[in-house]
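Chains P and Z, in that order, are what the protein sequence lines are.
Per full-length UniProt numbering, the very first residue in the first sequence carries number 1; after that it's consecutive.
Per full-length UniProt numbering, the very first residue in the second sequence carries number 1; after that it's consecutive.
Positions of the beta carbon are idealized from the N, C-alpha and C atoms, including for glycine.
Protein chains: 2
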Amino acid sequence: MRTIHVKTASADYPVHVGYDFLARFGSHLRKIAGKGAPKLFVLTSPEIWSLWGKQFQASLPAGNSFSVLFLPPGEQHKRFSQVERLATELSAAGADRSSLLIAFGGGIIGDIGGFLAAIYMRGIDYIQMPTTLLAQVDSSVGGKTGVNLSTGKNLVGSFHHPRAVFADVGILKTLPPRELRAGLFESIKAGIIRDPGLFRFLERNRDAILAGDPTALNRVVSSSVAMKAEVVGIDERESGLRMILNFGHTIGHAIEAATGYKKLLHGEAIAWGMLAALHISRSRAMIAEKDAARIESIIHAYGPLPRFRARVPALLEAAGRDKKNKAGTRRFVLTTGIGKSIVVENVTDTEMISAIEWTLREAAR
Amino acid sequence: MRTIHVKTASADYPVHVGYDFLARFGSHLRKIAGKGAPKLFVLTSPEIWSLWGKQFQASLPAGNSFSVLFLPPGEQHKRFSQVERLATELSAAGADRSSLLIAFGGGIIGDIGGFLAAIYMRGIDYIQMPTTLLAQVDSSVGGKTGVNLSTGKNLVGSFHHPRAVFADVGILKTLPPRELRAGLFESIKAGIIRDPGLFRFLERNRDAILAGDPTALNRVVSSSVAMKAEVVGIDERESGLRMILNFGHTIGHAIEAATGYKKLLHGEAIAWGMLAALHISRSRAMIAEKDAARIESIIHAYGPLPRFRARVPALLEAAGRDKKNKAGTRRFVLTTGIGKSIVVENVTDTEMISAIEWTLREAAR
Ligand SMILES: NC(=O)c1ccc[n+]([C@@H]2O[C@H](COP(=O)([O-])OP(=O)(O)OC[C@H]3O[C@@H](n4cnc5c(N)ncnc54)[C@H](O)[C@@H]3O)[C@@H](O)[C@H]2O)c1
Ligand SMILES: NC(=O)c1ccc[n+]([C@@H]2O[C@H](COP(=O)([O-])OP(=O)(O)OC[C@H]3O[C@@H](n4cnc5c(N)ncnc54)[C@H](O)[C@@H]3O)[C@@H](O)[C@H]2O)c1
Ligand SMILES: [Zn+2]
Ligand SMILES: [Zn+2]
Numbered sequence: 001m002r003t004i005h006v007k008t009a010s011a012d013y014p015v016h017v018g019y020d021f022l023a024r025f026g027s028h029l030r031k032i033a034g035k036g037a038p039k040l041f042v043l044t045s046p047e048i049w050s051l052w053g054k055q056f057q058a059s060l061p062a063g064n065s066f067s068v069l070f071l072p073p074g075e076q077h078k079r080f081s082q083v084e085r086l087a088t089e090l091s092a093a094g095a096d097r098s099s100l101l102i103a104f105g106g107g108i109i110g111d112i113g114g115f116l117a118a119i120y121m122r123g124i125d126y127i128q129m130p131t132t133l134l135a136q137v138d139s140s141v142g143g144k145t146g147v148n149l150s151t152g153k154n155l156v157g158s159f160h161h162p163r164a165v166f167a168d169v170g171i172l173k174t175l176p177p178r179e180l181r182a183g184l185f186e187s188i189k190a191g192i193i194r195d196p197g198l199f200r201f202l203e204r205n206r207d208a209i210l211a212g213d214p215t216a217l218n219r220v221v222s223s224s225v226a227m228k229a230e231v232v233g234i235d236e237r238e239s240g241l242r243m244i245l246n247f248g249h250t251i252g253h254a255i256e257a258a259t260g261y262k263k264l265l266h267g268e269a270i271a272w273g274m275l276a277a278l279h280i281s282r283s284r285a286m287i288a289e290k291d292a293a294r295i296e297s298i299i300h301a302y303g304p305l306p307r308f309r310a311r312v313p314a315l316l317e318a319a320g321r322d323k324k325n326k327a328g329t330r331r332f333v334l335t336t337g338i339g340k341s342i343v344v345e346n347v348t349d350t351e352m353i354s355a356i357e358w359t360l361r362e363a364a365r
Numbered sequence: 001m002r003t004i005h006v007k008t009a010s011a012d013y014p015v016h017v018g019y020d021f022l023a024r025f026g027s028h029l030r031k032i033a034g035k036g037a038p039k040l041f042v043l044t045s046p047e048i049w050s051l052w053g054k055q056f057q058a059s060l061p062a063g064n065s066f067s068v069l070f071l072p073p074g075e076q077h078k079r080f081s082q083v084e085r086l087a088t089e090l091s092a093a094g095a096d097r098s099s100l101l102i103a104f105g106g107g108i109i110g111d112i113g114g115f116l117a118a119i120y121m122r123g124i125d126y127i128q129m130p131t132t133l134l135a136q137v138d139s140s141v142g143g144k145t146g147v148n149l150s151t152g153k154n155l156v157g158s159f160h161h162p163r164a165v166f167a168d169v170g171i172l173k174t175l176p177p178r179e180l181r182a183g184l185f186e187s188i189k190a191g192i193i194r195d196p197g198l199f200r201f202l203e204r205n206r207d208a209i210l211a212g213d214p215t216a217l218n219r220v221v222s223s224s225v226a227m228k229a230e231v232v233g234i235d236e237r238e239s240g241l242r243m244i245l246n247f248g249h250t251i252g253h254a255i256e257a258a259t260g261y262k263k264l265l266h267g268e269a270i271a272w273g274m275l276a277a278l279h280i281s282r283s284r285a286m287i288a289e290k291d292a293a294r295i296e297s298i299i300h301a302y303g304p305l306p307r308f309r310a311r312v313p314a315l316l317e318a319a320g321r322d323k324k325n326k327a328g329t330r331r332f333v334l335t336t337g338i339g340k341s342i343v344v345e346n347v348t349d350t351e352m353i354s355a356i357e358w359t360l361r362e363a364a365r
């Protein structure tokens, strides 16, 4: 088990990465709770609970009771109405300010659970137990929580850090392979923007990783988390460095929106978005061709990327609406080599259109 | 105009109290916005806007455009569904992270506006322009924001401080007299728990205050705000001193709940709750009879308090559910003299029942 510490202005908490520690979860929990005996609430989905609920339960010391709240799977449930229902259930079950919520699931459970914890009685403690690769390497770390509006994804939310994160790669055994691959694109992103060692590891151990080898996954998850923890520690509120985490996300988000969030998983859309961003780096000649080729080929190695169709103006417009834009300027993350990235504000419409057109051609092949 | 500064671990902002400065609001706003030109959004109610919208608009420098969002009046609208609608309107109108929201109304507008600002894109700036006495002396200061659930009031929310508060007592001219009186009970509370000078002022200037005299109201509002600002500055998250602000609120909230939030305004229920708390102080002989009598008579002087009926077990149960209770203990604020209060955890069921029974008898007369 490796423990990475997230240290920001507002929080300081451990991210435990490893395998087979679900069984020892109860003792960790006792340490976190300290002398208090908080009421425990677990937010999960019916599917995850039926796969892992028994082991979760067995890991708790006898007599440690808890209530389970359920969220049905699917992005369409990451909404206010579910948060309201869950908050009402918490209050009906007697949750108070000292209660502890455990978000046990993928990124959707984590985002909605974190938001619920952020606002229930103006904030209670919570723990992330991410069960997808995406949630383990990305969404469970950094304190961003939230839900969607009809006008866009993650448009409301809070910064609310968990008290601890427990990422057991053993839980990924039951994850559908396509979900595993999609999540790995966020690790590939981590390698591209800041960690050449991770990038190399992903290049060289593709087969073991995709086969779900726990040692390999452990390395991938812990390095990805370490990269994100470092960046978030330097810039918690995304006023500078943290923006590099959005590499591939400007056009990636636009692709998700333009395809109605149906055709592609988030990580797959980000993979296309990274290819689009790489196209801009290349056309600016700001990256060595050797590095560009390695980036391109690792993305395809973790594919196949689903094909899709969209219209240029729709993508351009959606990319313009990106949350990261402040009062008119367009912030864009570019890579300048393996493990290197910069944030620029001078990407022109012409460059955007050319990158989008190139991507659409690739995606139609 | 008097300016009081709220300084906490997480915020530092001015509360301007005075009259006739609505006209100069535009220049203040320019100072707050600095070099940026944030998009402005005003959240208000149709009633308040029809009374004061013209003057609000006239105070802005020409060319300073803004959008108006409306919330219908009434506690039943302080709900998630309205927050979701308003957030969706913000996003459809192009609000971004640098936009500025102005909550222009009573405590409901302030609470929902503050919460909306807290979670829209994980937090945007906002300004409080409270238009009820209650909002000016209490709810606009301190950063508590939130909405109700079907299971209880203010059960979800955030701590999110405004960038500034503008409390113009001139706006109270159009406030229904009963609303004015109800709000004054929070000022009376401020005097009882921590400010004997304010208490005396309220005793001696009752007629001018109730007649809406701006100089008198100015003194009442600024002293009340100063008291709350000081307390919040010492204990932002209500782990200690801030709890004294709940004087009268344990039983007051229970009365509101037991009467379905219909019969009594918040301040009126708190007035009853203060009388109930006073009953406990008296029966413990922890307050001089002279002080107790002054407290009792000032509360009645700002009456009449509406009568109500409720059952002892219902009130006892509702008081037990109070948000301030942590894991079983009952926190209760008692006064020990004019301007003096303490938080205790040893109020027994017998004392609670006796105070509730006494209050119900008084309220039935
Ligand atoms: N907060 C952040 O910083 C952040 C960052 C990236 C993404 N996100 C959010 O994360 C969400 C996507 O998360 P996700 O990719 O984990 O999707 P998800 O939560 O929908 O999980 C994917 C699917 O896998 C199932 N599943 C989860 N764990 C499983 C397991 N161990 N075995 C079998 N099935 C399992 C789920 O039930 C679901 O059907 C999006 O809403 C996105 O906005 C947030
Ligand atoms: N956040 C906090 O710290 C805090 C503290 C105390 C109370 N509160 C909350 O405040 C709310 C009550 O606030 P309130 O008492 O201001 O009630 P309110 O907001 O409902 O306003 C009372 C009524 O007066 C009207 N009104 C407002 N200003 C007016 C004006 N200038 N002229 C004419 N009419 C006017 C409103 O339309 C409304 O009908 C409750 O929801 C309570 O929970 C919050
Ligand atoms: Zn992502
Ligand atoms: Zn109050």
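>> If we define contact as Cβ-Cβ less than 7 Å, is residue 211 of chain Z a contact residue for chain P?
In response: no
>> Taking 6 Å as the cut-off, is the beta-carbon of residue 270 of chain Z closer than that to any non-hydrogen atom of ligand 4?
In response: For ligand 4, at least one heavy atom lies less than 6 Å from the Cβ of residue 270 of chain Z.
> Going by DSSP, what residues sit across from residue 127 of chain P in a beta bridge?
Replying inline: P:102, P:164
> What separation, rounded to the nearest whole angstrom, lies between the Cα atoms of residue 23 of chain Z and residue 222 of chain Z?
Replying inline: 19 Å
> Is the closest heavy atom of ligand 1 to the C-beta of residue 336 of chain P under 6 Å?
Replying inline: No.
>> Under 6 Å: does the beta carbon of residue 3 of chain Z sit that close to some heavy atom of ligand 1?
In response: Taking non-hydrogen atoms of ligand 1 into account, the C-beta of residue 3 of chain Z is found less than 6 Å away from none of them.
> Got a sec? Which residues, its chain only, sit under 6 Å from residue 187 of chain Z by beta carbon, not counting five neighbours each side?
Replying inline: 137, 220, 224
> When DSSP labels each residue in this structure, what does residue 232 of chain P get in the three-state scheme?
Replying inline: helix
> Nearest to residue 257 of chain Z by CA position, among Z:291, Z:313, Z:283, is which residue?
Replying inline: Z:313
> Taking C-beta to C-beta, are residue 212 of chain P and residue 20 of chain P nearer than 7 Å?
Replying inline: 7 Å or more divides the Cβ of residue 212 of chain P from the Cβ of residue 20 of chain P.
> Going straight from the alpha carbon of residue 268 of chain Z to that of residue 193 of chain P, what length do you get?
Replying inline: 59 Å
> Along chain Z, in chain order, which residues have C-beta atoms closer than 8 Å to that of residue 158 of chain P?
Replying inline: 118, 119, 122, 123, 158
>> Would residue 1 of chain P and residue 18 of chain P be called neighbours here (beta carbons separated by less than 7 Å)?
In response: yes
> Less than 7 Å separating the beta-carbons of residue 32 of chain Z and residue 164 of chain Z?
Replying inline: Yes, Cβ-Cβ distance for residue 32 of chain Z and residue 164 of chain Z is below 7 Å.
>> Is there a Cβ of chain P sitting closer than 7 Å to that of residue 151 of chain Z, yes or no?
In response: yes
> Would you say residue 273 of chain P and residue 252 of chain P are within 7 Å of each other, going by their C-beta atoms?
Replying inline: yes
>> Quick check on the burial criterion: 16 or more other C-beta atoms within 10 angstroms. Buried or exposed for residue 106 of chain Z?
In response: buried
> In or out: residue 346 of chain Z buried (at least 16 other Cβ within 10 Å) or exposed?
Replying inline: exposed
> Measuring CB to CB, does residue 130 of chain Z end up less than 7 Å from residue 143 of chain Z?
Replying inline: no
> At which residues does the beta strand (DSSP E) containing residue 14 of chain Z begin and terminate?
Replying inline: 12-18
> In terms of residues, what are the limits of the alpha helix (DSSP H) holding residue 342 of chain Z?
Replying inline: Per DSSP, residue 342 of chain Z belongs to no alpha helix (DSSP H); it is in the beta strand (DSSP E), 340-344.
>> Please classify residue 344 of chain P as buried or exposed, where buried requires at least 16 other C-beta atoms within 10 Å of its C-beta.
In response: exposed
> So residue 139 of chain P packs on residue 247 of chain P, CB below 8 Å; how close in whole Å?
Replying inline: Incorrect: roughly 16 Å between the Cβ atoms, too far for contact.
>> Looking at chain P, is there any beta carbon in it that lies within less than 7 Å of the beta carbon of residue 335 of chain Z?
In response: no
> Does residue 155 of chain P come within less than 7 Å of chain Z when only Cβ atoms are used?
Replying inline: Yes, because at least one Cβ of chain Z sits closer than 7 Å to the Cβ of residue 155 of chain P.
>> For the pair the segment 93-106 of chain Z and the segment 30-50 of chain Z, tell me if three or more CB-CB distances fall below 8 Å.
In response: yes
>> Just checking residue 355 of chain P against ligand 1 - is the residue's beta carbon closer than 6 Å to any of the ligand's heavy atoms?
In response: Set against 6 Å, the gap from the CB of residue 355 of chain P to the closest heavy atom of ligand 1 is not smaller.
> The beta strand (DSSP E) spanning residue 7 of chain P covers which residue range?
Replying inline: The continuous beta strand (DSSP E) containing residue 7 of chain P extends over residues 2-7.
> Counting only beta-carbon atoms, is residue 92 of chain P nearer than 7 Å to chain Z?
Replying inline: yes
> Of all Cβ atoms in chain Z, is any one closer than 7 Å to the Cβ of residue 366 of chain P?
Replying inline: Chain P is shown only over 1 to 365; residue 366 of chain P falls outside these bounds and no answer can be derived.
> For chain P, is any of its Cβ atoms less than 7 Å away from the one on residue 238 of chain Z?
Replying inline: no
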